[in-house]
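J.: Please see the structure below; I have some questions.
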Amino acid sequence: MYGSTRKEAADKKKKAEAEIAAGQPITAGRTDTIADYLLTAWLAVTLPQRVAAGRLAPSTLDSYREKIELHIVPHLGKVKLVELNTTHIRTWLLELAAKPSRNRRHKLRPGEKKLPEPAKLSARTIAYTHAILRKALNDAVDDEILGKNVCLLVDAPSVDKKEFKPLTKEEAARFLVEAADDRLWVYWLVLLALGLRKGEGLGMRWSHIDFEAGTVRLEKSIQRLRGEKDEETGRRRGELVEKSLKTVASKATVAIPATALQALKELRTTQKADRLRAEVWVDPDLVFCTGHGTPLEPRNVNRAWYALCKRADLRQGPGEEGLRIHDLRHACATFLFSEGADIKTIQGVLRHARQSTTADLYVHIFDEVKHKAAKSMDGLLASLTNGPGSRGKRAS
1 MYGSTRKEAA DKKKKAEAEI AAGQPITAGR TDTIADYLLT AWLAVTLPQR VAAGRLAPST
61 LDSYREKIEL HIVPHLGKVK LVELNTTHIR TWLLELAAKP SRNRRHKLRP GEKKLPEPAK
121 LSARTIAYTH AILRKALNDA VDDEILGKNV CLLVDAPSVD KKEFKPLTKE EAARFLVEAA
181 DDRLWVYWLV LLALGLRKGE GLGMRWSHID FEAGTVRLEK SIQRLRGEKD EETGRRRGEL
241 VEKSLKTVAS KATVAIPATA LQALKELRTT QKADRLRAEV WVDPDLVFCT GHGTPLEPRN
301 VNRAWYALCK RADLRQGPGE EGLRIHDLRH ACATFLFSEG ADIKTIQGVL RHARQSTTAD
361 LYVHIFDEVK HKAAKSMDGL LASLTNGPGS RGKRAS
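Numbering (full-length UniProt numbering), first residue to last: 1 to 396.
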């Protein structure tokens, strides 16, 4: 909420929140700005209510807040909500297209005399930010604060289907050799073997692993949320949270390959000894944790990943140039396919609710499946028609 002082902004925020709680249209809706509506009503009340109702993931709210603070409020924040028009939206999209990305290098590489110019915001980021504003204005229309949503009248930039370069088996071999001496060795191995997301691995618990059956029940994820800014200090109240996985399909009991299961057994033995030596161990049920039994900080896990990739001489770089932790999940899918697994099996391992999601993500796999199917059909047709020579008989 904007104001000439922090106290004035806080008072305006409390007034608007009281009006929303009383079920009244925000009186400020006729005079307040885009920033007032987004920061006070939408991010502070509407979306938190959806999180509480289980209709929105906390991480999604956190992502929306980041994009609003970075790419919407600085450009459209002072525009009156009811005066927003298509010219504002088009100008804003042009400004975003010229805006430098935050993903930039700060160190020179060997042979460089100066750092390259930072890349512009990607079409994907701009389209995502446009979608956030569109959702917010839809809610303003539903709440009878606005008569129409002008965002619907201006198209976002088109986004090419995201492609990725799968980790090759040769790269995976180099990675695993180098990772064998890494403190997070078992974590990396489990992500690759089970196709887990980063937070899912961090949320694994010993009580969810059945060593006899060789399975693990996946229920939780650990993530760092940026959180809101403190009104008094201006600092962001970030926090580490454990949350339930977002879909029924994600929550599943999955089989653990024998190699990974053995590594987990060895980690459990080592961890028990560490607990006996430690003065404090906060959570004895966490599989992957610090030396005090607290959850691993995702940012530190990222740092460990990039350091490991550098030691293993793997692809590095900002954005999509370098390998990401999530690429271990992609590698799991591609390696399973190379070993004969079909799309349905891969869907089950990755716990996608719909097979179309798997097919869209792994187009290269699906294309190979279609070629294999065509080849199989060709073999069948050839056998049914006694091979190419049978055409001559029919022709005669």
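We put the CB at the ideal spot given by N, CA and C, even for glycine. In this text the structure is predicted, and so the values were computed from the model without any measurement.
Looking at C-alpha atoms only, which residue of GLY77, LEU84, HIS71, VAL254 is the closest neighbour of GLU95?
T.: As a working mapping, residue 95 is identified with position 95 in the sequence shown. Minimum Cα distance to GLU95 is reached at HIS71.
J.: May I ask you to verify whether the segment 54-69 touches the segment 88-103, counting CB pairs closer than 8 Å and requiring at least 3?
T.: Taking 8 Å as the limit for Cβ pairs, the verdict is that the segment 88-103 does not touch the segment 54-69.
J.: Output needed for SER396: all residues of its chain with C-beta closer than 8 Å, excluding positions within five of it in sequence on either side, in chain order.
T.: Looking up residue 396 in the sequence shown gives position 396. Caution is warranted here: a pLDDT of 47 is assigned to SER396, below 50, making its placement in the model unreliable, and no coordinate value can be reported.
J.: Starting from VAL241, trace the beta strand (DSSP E) both ways and give me its first and last residue.
T.: One-based indexing of the sequence shown puts residue 241 at position 241. It spans 239-244 - the beta strand (DSSP E) in which VAL241 sits, taken as one unbroken run.
J.: Is it the case that the segment 198-213 contacts the segment 249-268, given that we only count it when at least three CB pairs across the two stretches are under 8 Å?
T.: At 8 Å Cβ cutoff, the stretches touch.
J.: Since ARG205 sits in a beta bridge, which residues does DSSP pair it with?
T.: Numbered from its first residue, the sequence shown carries residue 205 at position 205. DSSP lists LEU286 as partners of ARG205.
J.: Bridge partners for ALA255 per DSSP, in chain order?
T.: As a working mapping, residue 255 is identified with position 255 in the sequence shown. DSSP output for ALA255 lists THR215 as bridge partner(s).
J.: If you run the structure through DSSP and keep just helix, strand and coil, what is ARG351?
T.: Here residue 351 refers to the residue found at position 351 when the sequence shown is read from its first residue. Coil, per DSSP.
J.: Indicate the three-state DSSP secondary structure (helix, strand or coil) for THR168 in the structure shown.
T.: Reading the sequence shown from its first residue, position 168 is the one you call residue 168. THR168 falls in the coil class under three-state DSSP.
J.: Grab me the residues of VAL186's own chain with a C-beta within less than 6 Å of its C-beta, minus the 5 sequence neighbours each way, in chain order.
T.: The sequence position of residue 186 within the sequence shown is 186, counting from 1. Around VAL186: ALA263, LEU267.
J.: Going by the beta-carbon positions, is the gap between ALA127 and ALA97 smaller than 8 Å?
T.: Taking the sequence shown and counting its residues from 1, one reaches residue 127 at position 127. Taking the sequence shown and counting its residues from 1, one reaches residue 97 at position 97. It is not a contact, given that the beta carbons lie outside the stated cut-off.
J.: Within this structure, are the beta carbons of ALA140 and TYR37 separated by less than 8 Å?
T.: The residue you call residue 140 lines up with position 140 of the sequence shown. The residue you call residue 37 lines up with position 37 of the sequence shown. Yes, Cβ-Cβ distance for ALA140 and TYR37 is below 8 Å.
J.: First and last residue of the beta strand (DSSP E) that includes LEU225?
T.: Walking along the sequence shown from the start, residue 225 turns up at place 225. That run of the beta strand (DSSP E) goes 220-225.
J.: So the alpha helix (DSSP H) ARG65 belongs to, where does it begin and stop?
T.: For this step, residue 65 is matched to residue 65 along the sequence shown. Counting along the chain, the alpha helix (DSSP H) containing ARG65 begins and ends at 58-67.
J.: Compute the Euclidean distance between the alpha carbons of GLY29 and THR247, then round it to the nearest angstrom.
T.: Here the question's residue 29 lines up with position 29 in the sequence shown. Here the question's residue 247 lines up with position 247 in the sequence shown. In this predicted model, GLY29 has a pLDDT of only 46, less than 50, meaning its place in the structure is not dependable; the value taken from the coordinates is given anyway. Rounded to the nearest angstrom, the two C-alpha atoms are 35 Å apart.
J.: Taking 8 Å as the threshold (beta carbon to beta carbon), is LEU38 in contact with chain B?
T.: Reference to chain B is not applicable here, since this structure consists of a single protein chain.
J.: May I have the straight-line CA-CA distance separating residue 423 from ALA119, to the nearest angstrom?
T.: The shown model of the chain, from 1 to 396, leaves out residue 423, and the question about it has no answer.
J.: Would you check if the distance between the CB atom of LEU218 and the CB atom of LEU245 is smaller than 8 Å?
T.: One-based indexing of the sequence shown puts residue 218 at position 218. One-based indexing of the sequence shown puts residue 245 at position 245. Cβ atoms of LEU218 and LEU245: closer than 8 Å.
J.: Go to LEU93, then tell me how far its alpha helix (DSSP H) extends in each direction, as first and last residue.
T.: Against the sequence shown, residue 93 aligns to sequence position 93. Residues 86-97.
J.: Tell me which residue opens and which closes the alpha helix (DSSP H) that ALA131 is part of.
T.: In the sequence shown, counting from the first residue as 1, residue 131 sits at position 131. Its alpha helix (DSSP H) spans residues 123-142.
J.: Short check: CB of GLY195 to CB of CYS289, under 8 Å?
T.: For this step, residue 195 is matched to residue 195 along the sequence shown. For this step, residue 289 is matched to residue 289 along the sequence shown. Not closer than 8 Å, so no.
J.: Taking only three categories from DSSP, how would you classify THR294?
T.: One-based indexing of the sequence shown puts residue 294 at position 294. Looking at THR294 - three-state DSSP - the assignment turns out to be coil, as it is neither helix nor strand.
J.: Quick check on the DSSP output: the alpha helix (DSSP H) that includes TRP185 runs from which residue to which?
T.: Here residue 185 is taken as the residue at index 185 of the sequence shown, counted from 1. Where TRP185 is concerned, the enclosing alpha helix (DSSP H) stretches over 185-194.
J.: Can the beta-carbon of GLU171 be found less than 8 Å from the beta-carbon of LEU314?
T.: Counting from 1 along the sequence shown, the entry for residue 171 is found at position 171. Counting from 1 along the sequence shown, the entry for residue 314 is found at position 314. Yes, they are a contact pair.
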